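Visitor:
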Amino acid sequence: MILEAGDILVRRGLVNQAQMEESRAAMNGGGILESVVQKGFIKEDIALKAIAEELGIDYIDLREANVDLSLLQSFPQKLIYRHAIFPVKKEGRRVYVATSNPLDLYPLDEAAAALHCAVVPLVAEKIEIAKLVKKHLGVGSETVEGLMAARSDEDDEIELLEKFEADGSELSEQAQEASVVRLVNEILVEAIDARASDVHIESQAGGIVVRYRIDGILQTQPVPPEINRFQAAIISRLKIMAKLNIAEKRLPQDGRIKLRVHGREIDIRVSVIPMIHGESLVMRILDKGAMKFDLRSLGMGEETYRQFSELIRIPHGIILVTGPTGSGKTTTLYSSLLEIRSSENKIITTEDPVEYQLDGINQIQVHPKIGLTFAASLRSILRHDPDIVLIGEIRDAETAENAIQASLTGHTVFSTLHTNDAAGSFTRIIDMGIEPFLVASTVEGIMAQRLVRRLCPQCKKPYHPTRDELPRDFPWEQLDGKPLYMPEGCRVCRGLGYSGRFGIYELLITNEEIRQLAHDRSSSFEIKKLGLKHGMLTLRMDAFRKVLEGTTSMDEVLRATKGDNIG
Numbered sequence: 025m026i027l028e029a030g031d032i033l034v035r036r037g038l039v040n041q042a043q044m045e046e047s048r049a050a051m052n053g054g055g056i057l058e059s060v061v062q063k064g065f066i067k068e069d070i071a072l073k074a075i076a077e078e079l080g081i082d083y084i085d086l087r088e089a090n091v092d093l094s095l096l097q098s099f100p101q102k103l104i105y106r107h108a109i110f111p112v113k114k115e116g117r118r119v120y121v122a123t124s125n126p127l128d129l130y131p132l133d134e135a136a137a138a139l140h141c142a143v144v145p146l147v148a149e150k151i152e153i154a155k156l157v158k159k160h161l162g163v164g165s166e167t168v169e170g171l172m173a174a175r176s177d178e179d180d181e182i183e184l185l186e187k188f189e190a191d192g193s194e195l196s197e198q199a200q201e202a203s204v205v206r207l208v209n210e211i212l213v214e215a216i217d218a219r220a221s222d223v224h225i226e227s228q229a230g231g232i233v234v235r236y237r238i239d240g241i242l243q244t245q246p247v248p249p250e251i252n253r254f255q256a257a258i259i260s261r262l263k264i265m266a267k268l269n270i271a272e273k274r275l276p277q278d279g280r281i282k283l284r285v286h287g288r289e290i291d292i293r294v295s296v297i298p299m300i301h302g303e304s305l306v307m308r309i310l311d312k313g314a315m316k317f318d319l320r321s322l323g324m325g326e327e328t329y330r331q332f333s334e335l336i337r338i339p340h341g342i343i344l345v346t347g348p349t350g351s352g353k354t355t356t357l358y359s360s361l362l363e364i365r366s367s368e369n370k371i372i373t374t375e376d377p378v379e380y381q382l383d384g385i386n387q388i389q390v391h392p393k394i395g396l397t398f399a400a401s402l403r404s405i406l407r408h409d410p411d412i413v414l415i416g417e418i419r420d421a422e423t424a425e426n427a428i429q430a431s432l433t434g435h436t437v438f439s440t441l442h443t444n445d446a447a448g449s450f451t452r453i454i455d456m457g458i459e460p461f462l463v464a465s466t467v468e469g470i471m472a473q474r475l476v477r478r479l480c481p482q483c484k485k486p487y488h489p490t491r492d493e494l495p496r497d498f499p500w501e502q503l504d505g506k507p508l509y510m511p512e513g514c515r516v517c518r519g520l521g522y523s524g525r526f527g528i529y530e531l532l533i534t535n536e537e538i539r540q541l542a543h544d545r546s547s548s549f550e551i552k553k554l555g556l557k558h559g560m561l562t563l564r565m566d567a568f569r570k571v572l573e574g575t576t577s578m579d580e581v582l583r584a585t586k587g588d589n590i591g
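What follows is the structure in structure tokens.
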């Protein structure tokens, strides 16, 4: 069978004999077609179309096909998992089945015997068949069936970068079973492939629920009901990988897993909390290989980028980035540091935790339990002759005082605050107990930000809204008859209508008038009004600009921002 597929491709001139021999030598448990495609000698769809034409079989694009899911109820699922086939439609006494290997007749014959009817092959791409399996049978469904032997060659998808030891208990032994290991690996790989930032494995009354946070929105993943009997083993496996105590089920625990997936290093923060129906687990995925810290590509408008680029190059003073958890503050700060990094300056950071390791930058992980807090580490940093300091977060008066002292002694200090807008940062620090004149004289600029989802460029749909469909503060005069865009969904964006995220920004540059307001303990409302007078764009205004540009939707703006009450 392998030779027939190779002969077809050579005979049709799609690959030459030398390429075929090279592909044969590189075969590692798969077929010749898989090897030829992996070598890049031919695209899979072109090869499959040629083989289908040679055999007189129809080719089907599963991305466009209407699949009759009712056939799954009677179709033997073990054949789906073992042989990567999927039932597509039924016509009379014939069931049409998608396969990426039409030369392998055994699974088709076995399906025909089980269904008591004729089975007709349709040729389809292997990856599209795999997507159907995951979508309709659930993440990890293959492992639940216990079909490890058939695809054991995929076990090396995940490589643990740190060794761990099991304690030899019965629960530990269950967690190390091949089927459980494979199931956990499948959940992690699927999350990474889907660009998820977090994985939630929740213990609920009805069983286990798996949710991925993709582009800031939680999405429930389909899982087979049989996965519930693996619930304890799944949690235990992940706790072992994170070097946590699997016997402790009454107290919260935090750990870390280091992996290599698809050749990329992945850092996973693990949080386990006991709930009333059992332990629930959340994993924060930090994909080091996928992260790019480039200030220009974060979504700032040209004028905002120009002003912020000048601000981060000041010789001394405090620069704050504000926003809620998950608003991209760390990415903005890291991108800023990398933009100004050079051999002529020394940059030291103190973080909790150190999310990404940056070349050429000295990073400190704080440990509050042993007394190494932000404030304590900052005191030591200043004896280490830095030029630029990054404090992960100003949480208390002591840290704020040390940051101000650092700026007064000639250092540039970057940090974050949890405030709703830029102007509120002044009142927040003053409320910590810092003298207003110190805050006014040291804070040079504040960037407030949020993240919104980017409309999928492949399927975004234009529309012309009426005035009643838009918020009252929308700049209607700027629309000028142009269309806005809404999400629709396609195979590129997995039917979501969105692909990726970018920032919306509110940059408040501190001038003498704003310093005077801060010194006089004026309200954040007054500071905001003065900032607008000097050309500041609020988060809402910047978001509306992105809507007018067609990069995000009105729904995203309403989700991420609230109206500006500026009178």
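Taken in order, the sequence shown gives residues 25 to 591; the numbers are from our numbering. For glycine and all other residues, C-beta sits at the position ideal for the given N, C-alpha and C. Keep in mind that this is a model prediction, so the values were computed, not measured.
Below 8 Å between beta carbons: does that hold for Q473 and K316?
Guide: Contact: no.
Visitor: Cα separation between A142 and V119?
Guide: Each residue's Cα considered, the two are about 6 Å apart.
Visitor: Using 8 Å as the threshold, is the region 560 to 580 in touch with the region 464 to 484, meaning 3 or more CB pairs across them?
Guide: Yes, the region 560 to 580 touches the region 464 to 484.
Visitor: On the CB-based measure, 16 or more other CB atoms within 10 Å of its CB, does N209 come out buried or exposed?
Guide: It counts as buried.
Visitor: So what's H224 in DSSP terms, helix, strand or just coil?
Guide: Strand at H224.
Visitor: For the region 416 to 425 against the region 386 to 404, do three or more pairs of beta-carbon atoms, one drawn from each stretch, fall closer than 8 Å, so that the two count as touching?
Guide: Taking 8 Å as the limit for Cβ pairs, the verdict is that the region 386 to 404 does touch the region 416 to 425.
Visitor: Just grab the DSSP bridge partners of N386 for me.
Guide: Per DSSP, I372.
Visitor: Take A76 as the anchor and find which of R48, Q97, A29 has the nearest alpha-carbon.
Guide: It is A29 whose Cα lies nearest to the Cα of A76.
Visitor: When DSSP labels each residue in this structure, what does Q43 get in the three-state scheme?
Guide: Reduced to three states, the DSSP call for Q43 is helix.
Visitor: Suppose you measure from the CA of R536 to the CA of I453; what does that come to, to the nearest Å?
Guide: According to the sequence shown, residue 536 is Glu rather than Arg. About 18 Å.
Visitor: Going straight from the alpha carbon of M307 to that of V121, what length do you get?
Guide: So the alpha carbons of these two residues sit roughly 37 Å apart.
Visitor: Could you please give the first and the last residue of the uninterrupted alpha helix (DSSP H) stretch that includes V213?
Guide: 202 to 217 is the extent of the alpha helix (DSSP H) around V213.
Visitor: Give me, in chain order, the residues of the same chain whose beta-carbon lies closer than 6 Å to that of C514; leave out the 5 immediate sequence neighbours on both sides.
Guide: Within the same chain, C514 has close Cβ partners Q482, C483.
Visitor: Relative to the C-alpha of S20, which residue among E501, M578, R117, S449 is closest?
Guide: This structure leaves residue 20 out entirely; the chain is present only between 25 and 591.
Visitor: Are the Cβ atoms of K114 and P246 separated by less than 8 Å?
Guide: No, Cβ-Cβ distance for K114 and P246 is not below 8 Å.
Visitor: Which first and last residues belong to the alpha helix (DSSP H) in which M299 is found?
Guide: Note, M299: premise wrong, no alpha helix (DSSP H); beta strand (DSSP E) at 288 to 299.
Visitor: Might you give, ordered along the chain, the residues of its own chain that have their beta carbon closer than 7 Å to the beta carbon of L532, omitting 5 neighbours on each side?
Guide: Same-chain partners within the cutoff: A446, A447, G469, I470, G555, M560.
Visitor: Could you spell out where the beta strand (DSSP E) holding R235 opens and where it closes?
Guide: Its beta strand (DSSP E) spans residues 231 to 238.
Visitor: Between the C-alpha atoms of L283 and L185, what's the straight-line distance to the nearest angstrom?
Guide: Going from the Cα of L283 to the Cα of L185 covers about 5 Å.
Visitor: Mark D180 as exposed unless 16 or more other C-beta atoms lie within 10 angstroms of its C-beta, in which case mark it buried.
Guide: Low confidence applies here, because D180 scores a pLDDT of 47, under 50, leaving its location unreliable; read the following figure in that light. The residue in question, D180, is exposed, as its Cβ has fewer than 16 Cβ neighbours within 10 Å.
Visitor: Is L357 closer than 8 Å to L310 when the C-beta atoms are compared?
Guide: Cβ distance not < 8 Å, so L310 and L357 don't count as in contact.
Visitor: With a threshold of 8 Å, are at least 3 pairs of Cβ atoms found where one atom belongs to the region 433 to 445 and the other to the region 335 to 346?
Guide: Yes, the region 433 to 445 is in contact with the region 335 to 346.
Visitor: So A122 is in the beta strand (DSSP E); what residue range does that whole segment cover?
Guide: Note, A122: beta strand (DSSP E), 118 to 123.
Visitor: DSSP beta-bridge partners for M307?
Guide: DSSP output for M307 lists V223, V294 as bridge partner(s).
Visitor: Can you tell me whether P249 is buried or exposed? The criterion is at least 16 other CB atoms within 10 Å of its CB, across all chains shown.
Guide: Per the 10 Å Cβ criterion, exposed.
Visitor: With distances taken between CB atoms, is the gap from E512 to K485 smaller than 8 Å?
Guide: Contact flag set, yes.
Visitor: State the beta-bridge partners of F254 as determined by DSSP.
Guide: Beta-bridge pairing links F254 to no other residue.
Visitor: Measure the Cβ-Cβ separation of L127 and P111 and say whether it is below 8 Å.
Guide: Not closer than 8 Å, so no.
Visitor: State the start and end residues of the unbroken alpha helix (DSSP H) segment that holds A567.
Guide: Element bounds for A567: 563 to 573.
Visitor: Exposed or buried, what is A137 when buried is set at 16 or more other beta-carbons lying within 10 Å of its beta-carbon?
Guide: A137 should be labelled exposed.
Visitor: Comparing C-alpha positions only, which one of I66, I428, E327, P507 sits nearest to V39?
Guide: The shortest C-alpha separation from V39 is found at I66.
Visitor: Among the candidates T328, K150, G323, I412, whose CA atom is the shortest distance from the CA of R365?
Guide: Among T328, K150, G323, I412, the Cα nearest to that of R365 belongs to I412.
Visitor: Which residues bound the beta strand (DSSP E) around T346?
Guide: Taken as a continuous stretch (DSSP letters only), the beta strand (DSSP E) holding T346 covers 341 to 346.
Visitor: What are the partner residues of L508, as DSSP defines its beta bridges?
Guide: L508 is bridged to Y487.
Visitor: Report the rounded CA-to-CA distance for V60 versus H107, giving the unit in angstroms.
Guide: When rounded, the distance between both Cα atoms is 19 Å.
Visitor: Counting pairs of Cβ atoms below 8 Å between the region 319 to 338 and the region 360 to 379, do you hit three or more?
Guide: The region 319 to 338 vs the region 360 to 379: in contact.
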